Amino acid sequence: MKSLRPLYTWLLPLLLLLSSCDLEQDVDVKLPPHESQLVVECYLEPGKPLRAVVLESVSYFNEPELPLVPDAEVIITHKGRAIKLPFSPVQNKETGKYYTHRKSEKLNLQPGDVVTLEVKDGKGRRVTGSTTILGQVPIEAVEWKFNEKNKAYLLTSFQDDPNAANFYRYMVHRDSLSNSSDRDFVSNDRLTNGKRVSYGSGYDYEEGDTLIISLFHLEQQYYDFLGSVSDARNANGNPFAQPSRIMSSVKGGIGIFTNLSYNRRTVVITK
Amino acid sequence: MRFPAFAVYLIFILSLVSASVFAQSTYTISGYVRGTGGEDLLIGATVSVPELSAGAVTDARGFYTLQLPEGSHTLQATYIGYESATRTIEITDQNLTINFALLPANSQLREVVIEANSLQQKLTANQMSVETLTTREAKLLPALFGEVDLIKTLQLKPGVQSGGEGASGLYVRGGGPDQNLVLLDDAVVYNPSHLFGFFSVFNPDAVESVELYKGGFPAQFGGRLSSVVDVKLREGNNERLGVSGGIGLIASRLTVEGPLVKDKSSFLVSGRRTYVDVFTRQINRIQDGKEDFNPIPDYYFYDLNGKANYKLGEKDELYLSGYFGRDFFTFNDADFQFGFDWGNKVGSLRWQHTFNPRFQVNTTLSGSSYQYQVSNKIDVFSFNLTSDIRDLALKTDFNLILDKGHTLQFGAMATRHAFTIGRLNFDSDDNRLSFGAGNDYTATEAAAYVADEYQVNAQLSLNYGLRLSAFNSGGKTHGALEPRASARYSLSENTSLKASYASMMQYIHLVANSGASLPTDIWYPSNDYVKPQRSQQVAAGISHLFGGGRYLVTNELYYKWMHRQIDFRDGANLFVNDDLEAEFLFGKGESYGNEVYLEKIKGRTTGWLGYTLSWSYRQFDEINEGRRFPTRYDRRHDLSLVVVHELSKRVNLTGAFVYGTGNAYSLPVARFAFQDVQGKNATVVPVYGDRNSFRLAAYHRLDLGLVLKLKPKRGEADLTFSAYNAYNRRNPYFVYFEQIKDEEDNETLGFQAKQVSLFPVIPSVTYNFKF
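Line by line, the protein sequences give chains A and B.
Using full-length UniProt numbering, read the first sequence as starting at 1 and increasing by one per residue.
Using full-length UniProt numbering, read the second sequence as starting at 1 and increasing by one per residue.
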């Protein structure tokens with residue numbers, strides 16, 4: 001229920017009401033020297049080639065350039081076999097997503113498999129990570145209901161496993177996965193362990209809408225990372241928030257190494 | 001004993017024994033000071049013996065005690081707004097009871113005056129580290145939106161900091177706002193603020209006095225680490241019915257008071273309400289349907305205070321006090337109904353019994369609750385979240401004046417706490433969804449104390465006591481001995497040395513993860529895992545009276561250790577979490593500093609100058625890799641200057657200037673790009689450095705005010721003009737880093753630090769009346 005956390009943001013408009021328009025000004029902030037860290041983003045997905053992004057963190061006021069690390073070596077190890085991903089930056093024109101290291105090989109990943117990651121560069125920086133392949137959590141039902149204005153709300157239900165601490169990410173896209181998601185939030189089963197869980201929406205949909213519903217089954221390290229990224233971003237500009245440290249899943253740097261295990265349904269809203 | 005400083009306490013005890021051997025014979029002079037203008041017992045009146053530099057102030061019962069040697073002495077009773085009274089007494093071989101009845105002076109101010117202790121009394125009092133605030137002071141000073149706020153006025157005193165621009169939270173000697181025990185007529189107020197802490201819950205029209213203890217805590221107080229804010233409500237006028245009130249920029253007040261039964265009973269009822277919502281609703285109505293118009297949320301608060309007293313007989317009196325206040329925030333549109341309301345309910349019934357003038361007991365039954373509720377209805381889904389704390393408390397306090405200069409105070413208290421933590425209900429109209437969560441806890445807190453105030457001789461007085469406290473929750477009992485001691489030694493007629501030691505325990509904790517005072521902050525009991533907080537404080541000071549008794553300068557040094565301080569894990573979920581304890585972090589803290597205070601309370605120009613040099617740190621294994629960090633309100637320099645000048649009988653000019661080192665603040669030091677699984681629009685993620693390692697720009701502000709007394713046909717009235725932040729200083733509220741983008745192609749061009757301020761110059765006018 002992380003989405004409940006910034007309740008106080010409802011009250012921010014009131015603060016704005018109290019303040020007049022001319023109360024924001026540019027200031028100079030002198031930042032301490034920053035020692036760059038490797039930043040890794042690598043998601044393993046069954047049936048997909050191996051791809052990773054390796055960049056580095058930069059001092060906040062540096063020029064907005066993509067901080068590539070060409071000499072970074074990326075090695076993924078599965079069942080004792082180490083696979084090196086060469087530096088080969090590319091951007092997918094359709095999704096806009098870019099990768100710095102990739103290899104077309106596809107791994108046969110099974111739930112329970114442990115895969116490790118090692119990234120090192122010429123400056124002696126070394127990042128390591130590990131992920132355990134998770135099984136899917138099936139979406140049991142996708143339902144919708146219309147109101148008198150011909151708008152429908154969406155209800156997605158699944159069964160939580162009572163024997164494990166589970167973490168989820170729920171996404172809804174309209175028409176195509178290339179579009180920005182309509183709904184996107186993470187959740188855990190601390191309050192719903194072993195229960196049938198339903199995620200709802202507002203009356204946001206109309207007849208004929210094509211919706212792609214994805215239920216990701218997350219590792220806790222991925223859940224923590226996403227939460228900390230969200231908290232860190234929200235803390236910048238929110239006087240009430242406590243700054244959050246990034247909870248990386250990798251050691252020796254910043255970033256996430258995990259696997260994407262999701263169940264996906266595509267539905268067309270009909271009456 | 002576990003307390004390292006307990007040795008200090010033993011030394012006090014030993015010094016008491018040795019000193020008493022050499023003490024000359026003293027006798028107890030005690031009695032009541034009453035007013036003859038309908039106010040009956042006068043609280044805070046001074047009874048002094050100028051030739052001995054001895055004096056006392058009447059307590060909440062209008063009662064004073066003095067220890068004087070044999071011989072002839074002149075007693076003088078004073079209270080601003082009243083004629084002084086003088087009595088010459090001859091002490092031979094017995095204690096004496098001397099009562100005073102003061103005549104009202106011919107001053108318009110009389111009705112609103114609650115005067116601070118006289119400087120002479122402050123010099124000679126045993127108690128140090130205490131600030132007494134007068135409604136008169138607060139009413140004369142300029143205020144934000146013209147809303148007089150006694151708690152904010154306390155922030156102008158040394159050793160007391162505000163949390164930020166406009167906030168009414170108190171940060172006392174490096175302690176957090178959760179470490180203040182706020183009492184309203186002996187009942188605890190758990191969240192003493194409205195609207196994010198911009199206003200305190202105390203309506204000045206209903207308040208008689210506020211005392212803030214920063215250290216040297218008397219043994220009857222306990223349960224919080226850093227301060228005691230003791231607020232007393234006014235008693236109603238017992239001679240005639242009266243109405244008073246005020247109309248301000250954002251709120252109005254009305255008070256009705258008068259006798260219920262002649263000479264036996266009086267009452268006071270006071271209320272206020274903000275009315276910004278009246279205007280915002282009109283704006284919403286006019287703008288409704290216009291493109292690009294976003295409705296303004298609805299907000300208002302109100303509070304009601306009431307007090308009644310009844311004299312059962314010569315020796316028994318009952319006092320009934322109550323407070324009820326609530327804030328409402330709503331935001332609705334066609335598909336969306338958001339409501340957020342919060343508030344306190346406080347009530348107390350005190351029975352005062354006087355066995356004889358030297359022996360009294362006060363027994364108080366009180367109840368207190370704080371609750372917030374967030375509700376949201378989006379289409380068919382409804383969500384409701386509530387948390388609260390509910391107390392029922394009984395306490396009894398005895399005051400016994402003994403011979404040989406001893407005054408004993410002893411008593412006991414017990415409180416039953418009930419907590420509801422994050423009670424959540426989530427439903428849909430068609431019952432397809434139903435979900436609930438939350439925890440309920442109960443706890444019992446109890447304490448007993450004894451303290452002896454011992455006037456050894458005219459130069460030396462001691463106060464030493466012991467408080468035994470205990471707390472039970474979840475089958476686990478915590479307990480501790482809390483020794484307290486203080487001493488005053490008069491170096492000369494005009495100079496006193498003072499020192500104190502206090503150990504404090506705090507058994508309930510505020511779950512708050514921000515620098516501001518938020519309504520959603522909830523209280524949580526100690527249990528097997530969450531241990532009670534503890535602090536120890538030593539303070540030493542010197543006071544010097546000069547300028548013919550018109551000026552008093554005080555310097556106090558303090559050092560405070562805080563153990564088992566509480567913070568929360570990064571990313572902690574504090575709203576709905578059935579395993580909240582897993583989010584707690586435990587660490588330690590320390591604060592130290594020096595406070596200088598110069599004050600003048602007589603003459604046409606009065607006021608004070610306060611300066612504090614201080615440090616405040618916390619240390620947690622899980623934060624900053626275990627390195628200590630400054631608290632957000634760590635303020636190296638803090639200066640306040642308050643001046644009130646009586647230009648004429650009808651016009652008062654006031655000014656308040658504050659300067660403070662900028663708040664310690666956390667800012668990102670680096671950033672990285674994160675594109676997520678979707679890859680659309682990679683975002684910038686800030687990487688924060690050490691906690692609170694930056695400083696905002698210094699805070700300074702000048703407020704100006706003018707009080708113009710009018711001459712209405714009936715009663716009294718005045719107009720109070722205020723200019724908050726008179727020179728329009730852009731004080732930093734917070735700083736953030738903005739991503740600057742090209743408007744056409746949305747390309748990132750760079751990054752810029754932005755400082756946001758809250759209040760520019762804010763003029764206001766308030767009309768006050770009384771008849």
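Note that beta-carbon positions come from the ideal geometry of N, C-alpha and C, so glycine has one too.
No experiment lies behind these values; they were computed from the predicted model shown.
How would you list, in chain order, the residues of chain B whose beta-carbon sits under 9 Å from the beta-carbon of A/Q220? On the first sequence, residue 220 of chain A is found 220 positions in, with the first residue counted as 1. The contacting residues do not exist; A/Q220 stays about 12 Å from chain B at best.
List, in order along the chain, the chain B residues whose C-beta lies closer than 8 Å to that of A/S181? To locate residue 181 of chain A, count along the first sequence from 1; it is residue 181. Neighbourhood of A/S181 in chain B, by CB distance below 8 Å: Q678, in chain order.
Sort B/L254, B/V182, B/V210 by Cα distance to B/R224 and report the nearest one. As a working note, residue 224 of chain B is residue 224 in the second sequence. Checking every option, the nearest Cα to that of B/R224 belongs to B/V182.
Within this structure, are the beta carbons of B/I151 and B/L96 separated by less than 7 Å? Mapped onto the second sequence, residue 151 of chain B falls at position 151. Mapped onto the second sequence, residue 96 of chain B falls at position 96. No. Outside cutoff.
Would you mind telling me which residues of chain B sit closer than 9 Å to A/I133, beta carbon to beta carbon, in chain order? Within the first sequence, the letter at position 133 stands for residue 133 of chain A. Going along chain B, no residue has its Cβ under 9 Å from A/I133, so there is no contact; the nearest lies around 16 Å.
With a threshold of 7 Å on Cβ separation, who are the neighbours of A/L85 within its own chain once the five nearest residues in sequence on each side are excluded? Position 85 of the first sequence holds residue 85 of chain A. Cβ neighbours of A/L85 beyond the five flanking positions: L50, A52, V74, I76, H101, R102, K103.
Measuring alpha carbon to alpha carbon, tell me which of B/N577, B/P483, B/T661 ends up nearest residue 774 of chain B. As displayed, chain B neither begins before 1 nor continues past 771, which places residue 774 of chain B out of reach and without an answer.
I'd like the ranges of any beta strand (DSSP E) spanning at least 3 consecutive residues and lying wholly in the stretch 198-230 of chain A. Runs of the beta strand (DSSP E) lying entirely within the stretch 198-230 of chain A and spanning at least 3 residues, in chain order: 210-218.
Label B/V278 either buried or exposed according to how many other C-beta atoms from any shown protein chain fall within 10 Å of its C-beta, with 16 as the threshold for buried. The residue you call residue 278 of chain B lines up with position 278 of the second sequence. B/V278 sits exposed, since fewer than 16 C-beta atoms from the chains shown fall within 10 Å of its C-beta.
Classify B/F546 as buried or exposed, calling it buried when 16 or more other Cβ atoms lie within 10 Å of its own Cβ. By one-based count along the second sequence, residue 546 of chain B stands at place 546. Under a 10 Å Cβ-count criterion, B/F546 is classified as exposed, with fewer than 16 other Cβ atoms of the shown protein chains found around its own Cβ.
State the start and end residues of the unbroken alpha helix (DSSP H) segment that holds A/T270. For the purposes of this step, residue 270 of chain A is taken as the residue at position 270 of the first sequence. Note, A/T270: premise wrong, no alpha helix (DSSP H); not H, not E.
Taking Cβ positions only, does A/R125 come closer than 7 Å to chain D? Looking for chain D here will not work: the only protein chains present are A and B.
Any chance you could list the alpha helix (DSSP H) runs of at least 4 consecutive residues sitting entirely within the stretch 265-321 of chain B, in chain order? DSSP runs (the alpha helix (DSSP H)) wholly in the stretch 265-321 of chain B: 276-287.
Can you pull the chain B residues whose beta carbon is under 9 Å from the beta carbon of A/Y205, in chain order? Working through the first sequence from its first residue, we reach residue 205 of chain A at position 205. Neighbours of A/Y205 on chain B: none; closest Cβ ~12 Å, over 9 Å.
Would you call the CB atoms of A/D204 and A/I269 closer than 7 Å? In the first sequence, residue 204 of chain A corresponds to position 204, counting from 1. In the first sequence, residue 269 of chain A corresponds to position 269, counting from 1. Note that the C-beta distance between A/D204 and A/I269 is not below 7 Å.
Quick one: using the 10 Å Cβ neighbour count with 16 as the cut-off for buried, is B/D638 buried or exposed? The residue labelled residue 638 of chain B in the question sits at position 638 within the second sequence. When all chains shown are included, B/D638 counts as buried.
Which residue comes first and which comes last in the beta strand (DSSP E) that contains A/I256? For the purposes of this step, residue 256 of chain A is taken as the residue at position 256 of the first sequence. Looking at the DSSP string, the run of the beta strand (DSSP E) that includes A/I256 is 254-259.
Using a Cβ cut-off of 8 Å, pull out every chain B residue sitting near A/G80, in sequence order please. Residue numbering aside, residue 80 of chain A sits at position 80 when the first sequence is read from its first letter. Against A/G80, chain B offers no close residue; the least beta-carbon distance is about 28 Å (beta-carbon pairs closer than 8 Å).
Checking contacts by CB at 7 Å: is B/P686 closer than that to chain A? By one-based count along the second sequence, residue 686 of chain B stands at place 686. With respect to chain A, the C-beta atom of B/P686 has a partner C-beta closer than 7 Å.
Anything in chain A within Cβ reach of B/L702, meaning under 7 Å, just list it in chain order. Numbered from its first residue, the second sequence carries residue 702 of chain B at position 702. Per Cβ cutoff of 7 Å: no residues; B/L702 is ~18 Å from chain A at best.
Measuring straight from C-alpha to C-alpha, what distance separates A/G135 and A/R196? For this step, residue 135 of chain A is matched to residue 135 along the first sequence. For this step, residue 196 of chain A is matched to residue 196 along the first sequence. Spanning the two alpha carbons is a distance of roughly 18 Å.
Select from A/V229, A/R174, A/S228 the residue whose C-alpha is nearest the C-alpha of A/T266. The sequence position of residue 266 of chain A within the first sequence is 266, counting from 1. The candidate whose alpha carbon is nearest that of A/T266 is A/R174.
Flag A/A164 as yes if its beta-carbon sits less than 7 Å from any beta-carbon of chain B, otherwise no. Along the first sequence, read from residue 1 onward, the residue named residue 164 of chain A stands at position 164. By this cut-off, A/A164 is not an interface position.
Classify A/V186: buried if its beta carbon has 16 or more other beta carbons within 10 angstroms, exposed otherwise. Numbered from 1 along the first sequence, position 186 holds the residue referred to as residue 186 of chain A. Its Cβ being crowded by 16 or more others within 10 Å, A/V186 is buried.
Exposed or buried, which one is B/S366 when buried takes at least 16 other CB atoms within 10 Å? Working through the second sequence from its first residue, we reach residue 366 of chain B at position 366. So B/S366 ends up on the buried side.
So, does the CB of A/S176 fall closer than 7 Å to a CB anywhere in chain B? Working through the first sequence from its first residue, we reach residue 176 of chain A at position 176. No, A/S176 does not count as interfacial toward chain B.
With distances taken between CB atoms, is the gap from B/N238 to B/S266 smaller than 7 Å? Working through the second sequence from its first residue, we reach residue 238 of chain B at position 238. Working through the second sequence from its first residue, we reach residue 266 of chain B at position 266. For the 7 Å CB-CB criterion, B/N238 and B/S266 form a contact.
For B/P50, name the three-state secondary structure that DSSP assigns. Working through the second sequence from its first residue, we reach residue 50 of chain B at position 50. In this structure, B/P50 counts as helix in the three-state DSSP scheme.
Reduced DSSP category for B/A502 - H, G, I as helix; E, B as strand; rest coil: Residue mapping note: residue 502 of chain B aligns to position 502 of the second sequence, counting from 1. Reduced to three states, the DSSP call for B/A502 is strand.
What in chain A is Cβ-close to B/D578, meaning under 8 Å? To locate residue 578 of chain B, count along the second sequence from 1; it is residue 578. Correct list: R190, L191.
Beta carbon of B/S368 nearer than 7 Å to that of B/A187: Locating residue 368 of chain B in the second sequence gives position 368, counting from the first residue. Locating residue 187 of chain B in the second sequence gives position 187, counting from the first residue. In this structure, B/A187 lies closer than 7 Å to B/S368 by Cβ.
Is it a yes or a no for the stretch 652-661 of chain B touching the stretch 620-630 of chain B, going by three-plus beta-carbon pairs under 8 Å? No, the stretch 652-661 of chain B does not touch the stretch 620-630 of chain B.
Cβ atoms of A/L31 and B/V669: under 7 Å apart, would you say? Taking the first residue of the second sequence as position 1, residue 669 of chain B is located at position 669. Taking the first residue of the first sequence as position 1, residue 31 of chain A is located at position 31. Yes, Cβ-Cβ distance for B/V669 and A/L31 is below 7 Å.
Tell me where the beta strand (DSSP E) around A/E73 begins and ends. Position 73 of the first sequence, counting from 1, holds the residue named residue 73 of chain A. For A/E73, the enclosing beta strand (DSSP E) covers residues 73-78.
Which runs of the beta strand (DSSP E) fall wholly inside the stretch 678-743 of chain B and span at least 3 residues, in chain order? For the stretch 678-743 of chain B, whole beta strand (DSSP E) runs of length 3 or above, ordered along the chain, are 683-688, 699-710, 716-724, 734-741.
Looking only at its own chain, which residues have a Cβ that is under 6 Å from the Cβ of B/N117, when we skip the five neighbours before and after it? The residue labelled residue 117 of chain B in the question sits at position 117 within the second sequence. Note on B/N117: pLDDT 45, under 50, position unreliable in the model; no value is reported.
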